[in-house]
Amino acid sequence: MSSSTRSLFRAAASERKAAGSSGIQDPFASYNPSTGALRCSACNYLAIKHESLWASHASSKSHRTNAARIKAERERQDEALLARQSANHEGKRKADDDGYGQPTERGQGTGEGDSKRAKVDTETAAGDAGAEDIDPEWEAFQREIAEAEASATQAADPVQAQYASATIEVEPVIKGRGADAAAAAGTADGEGGEGQDGQPAEEETEEERRARREQEEREEIYSRYEEEQRIQDEAEERVSALKAKLERLKAARLAKKQKQPPQQVRDGDKKREEEAA
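The UniProt record's numbering applies: residue 1 is where the sequence shown begins, and numbers increase by one.
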């Protein structure tokens, strides 16, 4: 990352610290401790160029998907922890009710559980140490380059981008030989020919199927257009914010150069008085 970008990050952190602002209040918003850059922990610590862009990033489809996935994973972990605690409590109460039980087996099981937990903690610590060695700013820069290349490829070939994620649908075919296949097909038609109320299910015609597919394609194209427009607006906002910050930094440097220290002013006045005498 260039020195000018790093200086912009440091200036933003200094401004936020001087203003006493606590930054974005969001569970997934974090700040780089060294540069003060805003990052999104849900999107693999993606760097957000300016705090004003957090709202648009938080409303993006990728961020919502990552946030929902993380919340679901946390809920599953909490449920699993509660289930383990409940099972341990039930087992302990049952052992107390039964009497002495088998202390040797319990001790062996506890030792195995402790060794497994120690192994998991060691692997987690090693993974955290490896993650700290990686510069998140460099990762964000690489992701931006990859996204820019992908956007350029899609703009160069819009037809390919339109049908890149197309899905091919085919009718199911039952494999068999002779009468067995025909009987199987007839049985399947007989079972699936009635709805839940015992009425024959309405079969979708070819015209309806074609109209439905065209409608789905139009909706998908419109959704992609909205996403591209949002990305373009976000990029323009980032560029405008960076330009404004660069102008402020230039103005501050110019004012600092034009401002003369008081000691130099006093020395100049004293020299002029000596020359006049």
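A virtual CB, placed ideally from N, CA and C, is assigned to each residue, including glycine. What you are looking at is a predicted structure, and each value in this text was computed from that prediction instead of being measured.
Same chain only: Cβ atoms within 8 Å of Gln229, ignoring 5 sequence neighbours per side:
none
First and last residue of the uninterrupted beta strand (DSSP E) at Leu46:
Leu46 to Ile48
Check whether Cys40 and Ala29 have beta carbons under 9 Å apart:
yes
Using only the alpha-carbon positions, how far apart do Arg84 and Glu147 sit?
43 Å
Tell whether a beta-carbon distance below 9 Å holds between Lys71 and Glu227.
no
Exposed unless 16 or more other CB atoms sit within 10 angstroms - verdict on Ile48:
buried
Please classify Ala42 as buried or exposed, where buried requires at least 16 other C-beta atoms within 10 Å of its C-beta.
buried
Using the rule of at least 16 other Cβ atoms within 10 Å of the residue's Cβ for burial, across every protein chain shown, is His57 buried or exposed?
buried
Count the other CB atoms, across all protein chains shown, that sit within 10 Å of the CB of Tyr31; report buried if there are 16 or more and exposed otherwise.
buried
Buried versus exposed, by CB contacts within 10 Å (16 or more), Glu274
exposed
Buried or exposed for Thr205, please, with buried defined as at least 16 other CB atoms from any protein chain shown within 10 angstroms of its CB.
exposed
So what's Ala29 in DSSP terms, helix, strand or just coil?
strand
Determine the burial state of Ala37: buried for a count of at least 16 other Cβ atoms within 10 Å of its Cβ, exposed for fewer.
buried
Taking its Cβ as the centre, do 16 or more other Cβ atoms sit within 10 Å of residue 292, making it buried, or is it exposed?
Past the boundaries of the shown model lies residue 292; the chain is included only from 1 to 277, so the question cannot be answered.
Assuming contact is defined by CB atoms lying nearer than 9 Å, are Glu237 and His50 in contact in what I supplied?
yes
Please list the terminal residues of the continuous beta strand (DSSP E) segment that includes Leu38.
Leu38 to Cys40
So for Lys259, helix, strand or coil by DSSP?
coil
Alpha-carbon to alpha-carbon, Ile231 and Tyr225
10 Å
Could you give the DSSP three-state label for Thr205: helix, strand or coil?
coil
Can you give me the start and stop residues for the alpha helix (DSSP H) that Ser56 sits inside?
Trp54 to Ala58
Identity of the residue in Asn44, Thr35, Ser34 and Leu53 nearest Glu234 by Cα:
Leu53
Straight-line Cα distance separating Lys250 from Ala244
10 Å
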